[in-house]
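Residue numbers (mature numbering (1 follows the signal peptide of the UniProt record, and there is no 0)): -20 to -1, 1 to 585.
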């Protein structure tokens, strides 16, 4: 039967509405995360490497579609392997990405013929009827305009030509989302580039939209290092209808273990009470691995954490409206764990994922020259600000205070033949001499001294059975993240530990497993030092030192936080892109607190 055009259109719309309603009535949606082992070959060109990785993405998407997946997440920079001899090589393959609200479809629009990455990702979404989350690099020419705030691409607009990058264009680490038809619906710029490893990546002045809607819920997006900053959960707290967070990342494991990928992902989900779909690059030799799907109350429903040198696709049903505690019984989730081999063949894991970890991983112990992809290394964050107490008994109560933050450990173990420490810190964490994190933290961990300093070698295996552990802290924050790990970095079963959401973690060994680590990690985001704002203002002052000195006599003895600066700063910043920052004073105060006096003085030299 042939239908007239208008009748056919109505029939198609009704059919589409019916399909959407059927999907929305489902008690779950189906999601996949892809842990990607990047293709790299020194003899291949950059374009060949990218195309090969795109083909690997399509293999994962095809497998996801065969398993009725609705949404798939790919990792941060999964298309761009790291090259130590040329760390910015991928910037040559940046593409001009439109905004999500422009409703473009690169798969069939001819104007995107010169954007092969964008086109391929769009066509993958369209071909397999999936929501696709991935990252690439957006390039934008720097535009000098008198006013930038109301421009559509205001992140590439400056009011002073001296603020343009030296090469005349911005490169943003960009997360994109395509709907089932291949339409681009999100373009989100990473707001906090990981400065040590993202040379050439620009920092956006204005936040891009991070949300998208589907027939099965509303989602936020996040990327890489942004996960550690407060923007994510603050935005989500304002949108209680958010179903989940799609998180594409290239993570680098750092000791202590609360900076490891999988424990961090689960804790973020549990504390912020939102589903997390996390996809990581698989490069164990670079401290990168660990992906999973996590739901509120339960934590991980499926995850991978093994330096085996293989790509994985993890799939699970996710309830659309729920909150389960650790004792609740979940409906069937139909979980699938697939390996995607180098020749694109597929194999499935049945049962628990094996572990190929060695005893140690620290670069400070093993060095920085891994022998192969699977020779796992982990990096170190500073721990000198912690007060350490070595466990000497099989049963004890220990109370430690640091900078007005106190934490206690009560435990009972079957033996104490291995070295465990209890550590407490109420001091800010300095990260790579660039970032300052407000932290109140206490942890129990298997670790050993190095060069006479306690707990500098965090071990990955434990033979010690703790029958019970209780950690209690006097936190000044509601943002407290709990982590509990068994030997070989396995997430401890959720029925064995509880966190009251405020101050106490309790662990009971119900299954005779060996405990490796337990902690409560509190974040005082208000005390974070913003490296980006610090660098911008310092550079701003340096460029305009004559103007500043005309308003304010300066001497090297002036403290950075001298409040006589503010009237002059407020006036000077009026004509700049800082002018739109609400109440510049507290932000500049925080920034100035984090600038060493010498660096501040250097701005005027």
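Note that CB positions come from ideal geometry on N, CA and C, so glycine has one too.
Determine the direct distance from the alpha carbon of residue 323 to that of residue 300, and round the result to whole angstroms.
For the purposes of this step, residue 300 is taken as the residue at position 320 of the chain shown. For the purposes of this step, residue 323 is taken as the residue at position 343 of the chain shown. The alpha-carbon atoms of residue 300 and residue 323 are separated by roughly 36 Å.
Report the rounded CA-to-CA distance for residue 408 versus residue 176, giving the unit in angstroms.
Counted from its first residue, the chain shown places residue 408 at position 428. Counted from its first residue, the chain shown places residue 176 at position 196. Straight-line spacing of the CA atoms in residue 408 and residue 176 works out to 20 Å.
Have a look at residue 438 and residue 338 and give me their C-alpha separation to the nearest angstrom.
For the purposes of this step, residue 438 is taken as residue 458 along the chain shown, with counting starting at 1. For the purposes of this step, residue 338 is taken as residue 358 along the chain shown, with counting starting at 1. Here the alpha carbons of residue 338 and residue 438 stand approximately 12 Å from one another.
Taking residue 142 as the reference, which of 123, 129, 158 has the closest Cα?
The count along the chain shown starts at 1 and reaches residue 142 at position 162. Relative to the Cα of residue 142, the nearest Cα in the group 123, 129, 158 belongs to 123.
For residue 591, does the three-state DSSP call read helix, strand or coil?
Coverage of the chain is limited to positions -20 through 585, which leaves residue 591 absent and any answer about it impossible.
Grab the span of the alpha helix (DSSP H) containing residue 58 for me, first residue to last.
Along the chain shown, one-based indexing puts residue 58 at 78. From DSSP, residue 58 is part of no alpha helix (DSSP H); its letter is neither H nor E.
Check whether the Cβ of residue 477 lies closer than 8 Å to any Cβ atom in chain C.
This model lacks chain C altogether, as it is built from one protein chain only.
Taking the alpha carbon of residue 501 as the reference point, which residue from 250, 17, 190 has its own alpha carbon closest?
In the chain shown, the residue the question calls residue 501 occupies position 521. Among 250, 17, 190, the Cα nearest to that of residue 501 belongs to 250.
Leaving out the 5 sequence neighbours to the left and right, which residues in its chain are closer than 6 Å to residue 477 when beta-carbon positions are compared?
The sequence position of residue 477 within the chain shown is 497, counting from 1. Hits under 6 Å: 464, 487.
Can you have a look at residue 260 and say buried or exposed, based on whether 16 or more other CB atoms are within 10 angstroms of its CB?
Looking up residue 260 in the chain shown gives position 280. Residue 260 counts as buried, since no fewer than 16 other beta carbons sit within 10 angstroms of its beta carbon.
Any beta strand (DSSP E) of 3 or more consecutive residues that is wholly inside the stretch 318 to 349:
Complete beta strand (DSSP E) runs here, min 3: 326 to 328.
First and last residue of the alpha helix (DSSP H) that includes residue 96?
Here residue 96 is taken as the residue at index 116 of the chain shown, counted from 1. Note, residue 96: alpha helix (DSSP H), 96 to 108.
Ignore the nearest five residues each way along the sequence and tell me which others in residue 313's own chain have a CB closer than 7 Å to its CB.
Looking up residue 313 in the chain shown gives position 333. Listed in chain order, the non-local C-beta contacts of residue 313 below 7 Å within the same chain comprise 281, 296, 297, local neighbours out to five positions each way being set aside.
Quick check on DSSP: helix, strand or coil for residue 115?
Within the chain shown, the letter at position 135 stands for residue 115. Under the three-state reduction of DSSP output, residue 115 falls in the strand class.
Closest Cα partner of residue 86 within the set 98, 79, 80, 75
By one-based count along the chain shown, residue 86 stands at place 106. If we check each option's Cα against that of residue 86, 98 comes out closest.
Looking at residue 154: is its Cβ nearer than 8 Å to the Cβ of residue 52?
Locating residue 154 in the chain shown gives position 174, counting from the first residue. Locating residue 52 in the chain shown gives position 72, counting from the first residue. Against a cut-off of 8 Å, the Cβ pair of residue 52 and residue 154 comes out as no contact.
Near residue 271, which residues of its chain fall below 6 Å by C-beta distance, leaving aside the five closest residues on each side in sequence?
On the chain shown, residue 271 is found 291 positions in, with the first residue counted as 1. Result list for residue 271: 13, 15, 258, 259, 260, 284, in chain order.
Inter-stretch contact at 8 Å, needing at least 3 Cβ pairs: the stretch 132 to 140 / the stretch 66 to 76
Flag = no, the stretch 132 to 140 and the stretch 66 to 76 do not touch.
Helix, strand or coil, according to DSSP, for residue 380 in the structure here?
In the chain shown, the residue the question calls residue 380 occupies position 400. Residue 380 falls in the strand class under three-state DSSP.
Contacts around residue 33, its chain only, beta-carbon distance under 7 Å, and the 5 residues preceding and following it disregarded
Position 53 of the chain shown, counting from 1, holds the residue named residue 33. Listed in chain order, the non-local C-beta contacts of residue 33 below 7 Å within the same chain comprise 18, 19, 58, 59, local neighbours out to five positions each way being set aside.
How many angstroms separate the CA atom of residue 353 from the CA atom of residue 262?
On the chain shown, residue 353 is found 373 positions in, with the first residue counted as 1. On the chain shown, residue 262 is found 282 positions in, with the first residue counted as 1. CA-CA distance, residue 353 to residue 262, rounds to 9 Å.
Would you tell me roughly how many angstroms separate the C-alpha atoms of residue 357 and residue 369, rounded to the nearest one?
Counting from one through the chain shown, the residue named residue 357 turns up at place 377. Counting from one through the chain shown, the residue named residue 369 turns up at place 389. Residue 357 and residue 369: Cα-Cα distance of roughly 26 Å.
DSSP-derived helix/strand/coil call for residue 497
In the chain shown, counting from the first residue as 1, residue 497 sits at position 517. Three-state DSSP puts residue 497 in a strand.
Is residue 66 buried or exposed, if buried means 16 or more other CB atoms sit within 10 Å of its CB?
Your numbering for residue 66 matches position 86 in the chain shown. Burial is judged here by how many other beta carbons sit within 10 angstroms of a residue's own beta carbon; residue 66 has fewer than 16 and is exposed.
Identity of the residue in 484, 509, 336 nearest residue 414 by Cα:
Indexing the chain shown from 1 puts residue 414 at position 434. Selected option, being the one with the closest Cα: 509.
Would you decide whether residue 118 is buried or exposed? Buried here means 16 or more other CB atoms lie within 10 Å of its CB.
Mapped onto the chain shown, residue 118 falls at position 138. Its Cβ being crowded by 16 or more others within 10 Å, residue 118 is buried.
If you draw a straight line from the C-alpha of residue -16 to the C-alpha of residue 91, how long is it?
As a first step, residue -16 must be located in the chain shown, where it is residue number 5. As a first step, residue 91 must be located in the chain shown, where it is residue number 111. Model confidence at residue -16 stands at a pLDDT of 43, short of 50, so the residue's coordinates are unreliable and nothing is read from them.
Is residue 491 helix, strand or coil by DSSP?
Counted from its first residue, the chain shown places residue 491 at position 511. DSSP, read as helix, strand or coil, puts residue 491 in coil.
I think residue 442 touches residue 426, with their Cβ atoms under 8 Å apart; what is that distance to the nearest whole Å?
By one-based count along the chain shown, residue 442 stands at place 462. By one-based count along the chain shown, residue 426 stands at place 446. Going by Cβ atoms, the distance from residue 442 to residue 426 rounds to 5 Å, so yes, they are a contact pair.
Measure the beta-carbon distance from residue 448 to residue 391 and round it to whole angstroms, keeping in mind my assumption that it falls under 8 Å.
Position 468 of the chain shown, counted from the first residue, corresponds to residue 448. Position 411 of the chain shown, counted from the first residue, corresponds to residue 391. 7 Å between Cβ atoms; contact.
Which runs of the beta strand (DSSP E), 3 residues or longer, sit entirely within the stretch 346 to 423?
As summarised for the stretch 346 to 423, the continuous beta strand (DSSP E) elements at least 3 residues long and confined to that stretch are 367 to 370, 375 to 382, 385 to 393, 400 to 405, 409 to 411, 415 to 417, given in chain order.
Close-in-space but distant-in-sequence residues of the same chain around residue 402 (CB under 6 Å, 5 per side omitted):
Reading the chain shown from its first residue, position 422 is the one you call residue 402. Hits under 6 Å: 369, 378, 389, 424.
Using the rule of at least 16 other Cβ atoms within 10 Å of the residue's Cβ for burial, across every protein chain shown, is residue 184 buried or exposed?
Here residue 184 refers to the residue found at position 204 of the chain shown. Result: buried.
Is the CB-CB distance between residue 248 and residue 256 below 8 Å?
Position 268 of the chain shown, counted from the start, is the residue given in the question as residue 248. Position 276 of the chain shown, counted from the start, is the residue given in the question as residue 256. Yes, the Cβ-Cβ distance between residue 248 and residue 256 is below 8 Å.
Residue interval of the alpha helix (DSSP H) (run including residue 39):
The residue you call residue 39 lines up with position 59 of the chain shown. Looking at the DSSP string, the run of the alpha helix (DSSP H) that includes residue 39 is 26 to 46.
Which residues in the same chain as residue 239 place their Cβ atom closer than 8 Å to its Cβ, once the five residues preceding and following it in sequence are excluded?
For the purposes of this step, residue 239 is identified with residue 259 of the chain shown, where counting begins at 1. If the five residues before and after residue 239 are omitted, its C-beta is found closer than 8 Å to the C-beta atoms of 233, 361, all from its own chain and listed in chain order.
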